[in-house]
Amino acid sequence: MMKACLKALLLAAALSGCQQKDLLKGLDQQQANEVIAVLQRHNIEADKADRGKAGFSIAVAPADFAAAVDWLRAYDLPSRPRMEVAQMFPADSLVSSPRAEKARLYSAIEQRLEQSLQTMDGILSARVHVSYDLDSGEAGRASQPMHISALAVYDRDVDAAAMINNIKRFLKNSFAEVDYDNISVVLSRAKKRSSSLPAQRRKAMPPPCPG
């Protein structure tokens, strides 16, 4: 009887250690998929749950929570929600002014460029800034040359010169009026983190969850 009680207590303790902890909430599907992909790449099991109007949530085991947070910081996740141009200008909204319309449009373009750059092999995250003249064309005012700057964080050994050229070529072909010399790209390598758990932490981890 005593052994049976002890087994029950051990099983209850193991099950309590298996209870997953919410890591993120309120994500869209793209954000959730990006988080799941990164965590799985680093051997962290995670569950994605569709909460309907509340968006998607990601949960991990308590023992993996700290490591999961570290990896999300390294990859700058979750990414900003995808913003479609149609969302910037809904059919039933009133645009306050041509300047406001132009600012919102360029903001959407910057986000779409960032999302596209992040699909390139080796790039973890990207930020794009476009210098645009809100007053160009008004009262006969000549427009100023457009400038584009990009910051890309990468996670592996790459040919930096080739990556910069690829990014600049992509940005150049995204605009008809930008000069190649007015595009600047800065690369930054993500901090290396060990994908394996320290021995001390492995010993402290709870036993595998009973199947």
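Taken in order, the sequence shown gives residues 1 to 211; the numbers are from the UniProt record's numbering. Where a beta carbon is used, it is the ideal one built from N, C-alpha and C, also for glycine.
Cβ shell of residue i (< 6 Å), same chain only, five flanking positions each side left out
{"i": "Val185", "result": "Ala150, Ile164, Ile167, Lys168"}
For residue j and residue i, the rounded distance between their alpha carbons
{"i": "Gln97", "j": "Val128", "result": "The residue you asked about is not Gln; residue 97 is Ser in the sequence shown. So the two alpha carbons sit approximately 24 Å from each other."}
{"i": "Val158", "j": "Asp179", "result": "26 Å"}
{"i": "Ala46", "j": "Ala66", "result": "13 Å"}
{"i": "Ala162", "j": "Tyr106", "result": "27 Å"}
{"i": "Val60", "j": "Gln29", "result": "17 Å"}
{"i": "Arg189", "j": "Arg104", "result": "31 Å"}
{"i": "Gly52", "j": "Asp22", "result": "16 Å"}
{"i": "Ile58", "j": "Ile44", "result": "12 Å"}
Simplified DSSP assignment, three categories, for residue i
{"i": "Ser125", "result": "strand"}
{"i": "Leu9", "result": "At Leu9 the pLDDT is 46, less than 50, meaning the model places this residue with poor confidence; the figure from the coordinates comes in the next sentence. Note: Leu9 maps to helix in three-state DSSP."}
{"i": "Val178", "result": "coil"}
{"i": "Gly26", "result": "strand"}
{"i": "Leu77", "result": "coil"}
{"i": "Ile109", "result": "helix"}
{"i": "Asp159", "result": "coil"}
{"i": "Ala61", "result": "coil"}
{"i": "Ala66", "result": "helix"}
{"i": "Ile36", "result": "helix"}
Pick from the options that is closest to residue i, judged by C-alpha positions
{"i": "Gln111", "options": "Ala160, Pro62, Arg80", "result": "Arg80"}
{"i": "Pro145", "options": "Val153, Gln115, Ala176", "result": "Ala176"}
{"i": "Gln20", "options": "Lys48, His42, Arg41", "result": "Lys48"}
{"i": "Val69", "options": "Ile36, Arg51, Ala100, Tyr154", "result": "Ile36"}
{"i": "Asn173", "options": "Met120, Tyr154, Leu113, Thr119", "result": "Leu113"}
Sequence-distant residues of its chain with Cβ nearer than 7 Å to residue i (five each side left out)
{"i": "Gly26", "result": "Ala54, Gly55"}
{"i": "Asp133", "result": "Ser143, Gln144"}
{"i": "Asp50", "result": "Phe56"}
{"i": "Leu24", "result": "Val35, Ser57, Ile58, Pro78"}
8 Å CB neighbourhood of residue i in its chain, flanking five on each side removed
{"i": "Leu117", "result": "Ile123, Ala126, Val128, Ala150, Ala152, Ile167, Phe170"}
{"i": "Val38", "result": "Trp71, Leu72, Tyr75, Leu77"}
{"i": "Arg156", "result": "Gly122"}
{"i": "Ile148", "result": "Val128, His129, Val130, Ser131, Leu171, Phe175, Val178, Asn182, Ile183, Ser184"}
{"i": "Tyr154", "result": "Gly122, Ile123, Leu124, Met163, Leu187, Ser188, Arg189, Ala190"}
9 Å Cβ cutoff, residue i in contact with chain C
{"i": "Asn43", "result": "Of the protein chains in this structure there is only one, and it is not chain C."}
Distance cut-off 8 Å: residue i Cβ against heavy atoms of the ligand NAP
{"i": "Asp70", "result": "Within the structure as shown, the ligand NAP is missing, as the structure has no ligands at all."}
Cβ-based burial, residue i [other Cβ within 10 Å; buried from 16]
{"i": "Gln40", "result": "exposed"}
{"i": "Ala100", "result": "exposed"}
{"i": "Ala32", "result": "buried"}
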